[in-house]
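Colleague: Residue 14 is where the sequence shown starts when you use the working numbering, and the numbers rise one by one after that. Virtual Cβ for every residue (Gly too), placed ideally from N, Cα, C. Treat the numbers as computed from the prediction; the structure is a model and nothing was measured.
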Amino acid sequence: MDGSSKSAATKYLATQSDWSTEENRKFIIDFISSTFSKEYEYLCENKADFVAQFGESKVKRTLEVLTDRTLL
Numbered sequence: 014m015d016g017s018s019k020s021a022a023t024k025y026l027a028t029q030s031d032w033s034t035e036e037n038r039k040f041i042i043d044f045i046s047s048t049f050s051k052e053y054e055y056l057c058e059n060k061a062d063f064v065a066q067f068g069e070s071k072v073k074r075t076l077e078v079l080t081d082r083t084l085l
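#1: Terminal residues of the continuous alpha helix (DSSP H) containing N59?
#2: Please classify Y86: is it buried, with 16 or more other beta-carbons within 10 angstroms of its beta-carbon, or exposed?
#3: Measuring CB to CB, does E54 end up less than 7 Å from I41?
#4: If you check the beta carbons only, do K19 and S46 fall under 7 Å apart?
#5: Could you tell me if F49 is buried or exposed, where buried requires 16 or more neighbouring beta carbons within 10 angstroms of its beta carbon?
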């Protein structure tokens with residue numbers, strides 16, 4: 014895990030004008046790694062859409078992990 018997949022995902026998302034597609038939300042939920050990112054802001058602003066696609070527990074767990082990383 015050298016971080017290249019996260020970098021590739023970030024570069025991919027930068028080319029997308031619509032992050033609301035199921036594919037783009039999957040990229041975000043799979044590769045988000047910081048609370049200090051556009052992806053995190055998008056997730057928080059569109060939490061209901063992520064919950065509808067991935068379920069409450071996955072979204073909650075993702076947010077918990079990101080928060081823990083920030084606090085450490």
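Modeller: In this structure, then:
#1: No alpha helix (DSSP H) contains N59, which DSSP labels as neither H nor E.
#2: Residue 86 cannot be examined here, being either before or after the span of the chain that is shown, 14 to 85.
#3: no
#4: yes
#5: exposed
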